[in-house]
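For what it's worth, numbering that gives the first Met the number 0 labels the leading residue of the sequence shown as 0, then goes sequentially.
Structure record follows, encoded as structure tokens.
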Amino acid sequence: MEPASARRESRGDGDITDLVLSIGTPGFAEEMLYLLERDIDLASCAVLVFRDKGFVPLVSASNAPIGRGHVRPVTVDTGLTLHIDPSVAYSAPPGSQGYRQILLRSAEDRGDIALGLEATRSFDRDGVAAVASRAKLLLTLSWKHADTLIRQERMAHAITDLDEIDHHIAAAPEQLSPREAQVCARILYGQTTTGIALELGIGNESVMTYRKRAYRRLQIASHRELLCWYLTLRARETLGSPRRQDAASTRLAS
Numbered sequence: 000m001e002p003a004s005a006r007r008e009s010r011g012d013g014d015i016t017d018l019v020l021s022i023g024t025p026g027f028a029e030e031m032l033y034l035l036e037r038d039i040d041l042a043s044c045a046v047l048v049f050r051d052k053g054f055v056p057l058v059s060a061s062n063a064p065i066g067r068g069h070v071r072p073v074t075v076d077t078g079l080t081l082h083i084d085p086s087v088a089y090s091a092p093p094g095s096q097g098y099r100q101i102l103l104r105s106a107e108d109r110g111d112i113a114l115g116l117e118a119t120r121s122f123d124r125d126g127v128a129a130v131a132s133r134a135k136l137l138l139t140l141s142w143k144h145a146d147t148l149i150r151q152e153r154m155a156h157a158i159t160d161l162d163e164i165d166h167h168i169a170a171a172p173e174q175l176s177p178r179e180a181q182v183c184a185r186i187l188y189g190q191t192t193t194g195i196a197l198e199l200g201i202g203n204e205s206v207m208t209y210r211k212r213a214y215r216r217l218q219i220a221s222h223r224e225l226l227c228w229y230l231t232l233r234a235r236e237t238l239g240s241p242r243r244q245d246a247a248s249t250r251l252a253s
């Protein structure tokens with residue numbers, strides 16, 4: 000990564016609009032770094048997810064010579080890290096300017112997602128105050144970014160795992176017959192009519208018949224409409240399933 004001074008010359012100070020627009024993209028952590036560098040001499044920042052017994056980076060950016068994407072894990076159980084909870088009015092503890100790391104984490108909401116910041120040397124009082132004043136906004140944007148990555152990962156998995164496609168279509172409220180569900184799953188998976196026939200042990204004409212019946216039941220007429228129906232089905236399931244989101248967070252962090 001180029002030095003902070005060079006970045007400031009080439010693009011000016013960080014802007015909150017740039018950070019918002021970068022949600023869900025690989026550049027989110029770097030935009031966070033750009034934004035905070037106006038007030039703080041940062042070594043790195045990372046959106047963190049809780050896994051097993053500690054936080055690990057989901058995305059990160061660094062000014063250190065080791066380069067982008069490499070930050071030391073934020074140590075949340077020692078005196079080296081200053082904890083700031085946006086849901087609680089911040090009051091600077093004695094000696095708050097001596098901390099090397101800050102962890103933004105809410106005890107009331109989404110405690111599995113946090114934002115870790117590491118100073119080049121240590122945070123002075125003004126640096127801590129600058130972070131604390133924007134803690135709620137920064138953490139909310141970090142949640143949104145993590146959620147977007149989780150949703151993207153889930154949608155990619157949703158159309159690349161035949162067993163999962165089979166399972167969700169078979170359980171859909173439209174109640175397709177077993178053969179109709181199997182045929183639709185394999186269409187979504189990318190198999191040809193002949194490939195589906197060979198795998199299921201039926202003829203090509205039977206495959207086309209089951210497809211026609213399924214499309215009629217789903218009130219659709221094309222492969223594209225089948226894909227849209229399936230993604231809508233998965234999105235409906237996701238809205239009511241916080242445990243799935245937690246599991247996806249773990250997969251992304253692994």
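The beta-carbon is built from N, C-alpha and C at its ideal position, and this holds for glycine as well.
The model shown is predicted, which means the values in this text are computed figures rather than measured ones.
Residue i - partner residues in DSSP beta bridges
i, result
"S59", "A45"
"G53", "R50"
Nearest residue (CA-CA) to residue i, options the options
i, options, result
"A60", "V48, Y33, S43", "S43"
"S105", "R99, A88, R185", "A88"
"K52", "S121, P172, D111, L138", "D111"
"H166", "I15, C183, I83, G194", "C183"
"Y188", "T159, E204, I201, A170", "T159"
"D38", "L20, A234, D14, E107", "D14"
"R235", "P172, P85, V19", "P172"
Start and end residues, alpha helix (DSSP H) containing residue i
i, result
"Q100", "Where Q100 is concerned, there is no enclosing alpha helix (DSSP H), although the beta strand (DSSP E) it sits in stretches over 100-103."
"G115", "That residue, G115, is in no alpha helix (DSSP H); its beta strand (DSSP E) goes 112-118."
"A169", "161-169"
"E152", "134-157"
"I17", "Residue 17 is actually Asp in this sequence, not Ile. That run of the alpha helix (DSSP H) goes 15-20."
"E30", "27-35"
Within 8 Å, strictly: CB atoms of residue i and residue j
i, j, result
"L102", "G115", "yes"
"V58", "A28", "yes"
"I168", "H222", "no"
"E117", "L41", "yes"
"S121", "Y98", "yes"
"L140", "V19", "yes"
Residue range of the beta strand (DSSP E) that includes residue i
i, result
"A88", "That residue, A88, is in no beta strand (DSSP E); it is neither H nor E in DSSP."
"T80", "80-83"
beta-carbon residue i near the ligand HEM non-hydrogen atom, thresh 7 Å
i, result
"T208", "In the structure on display, the ligand HEM does not appear, and there are no ligands present to speak of."
What alpha helix (DSSP H) runs, 4 residues minimum, are completely inside the region 172-221?
-> 177-188, 192-199, 203-217
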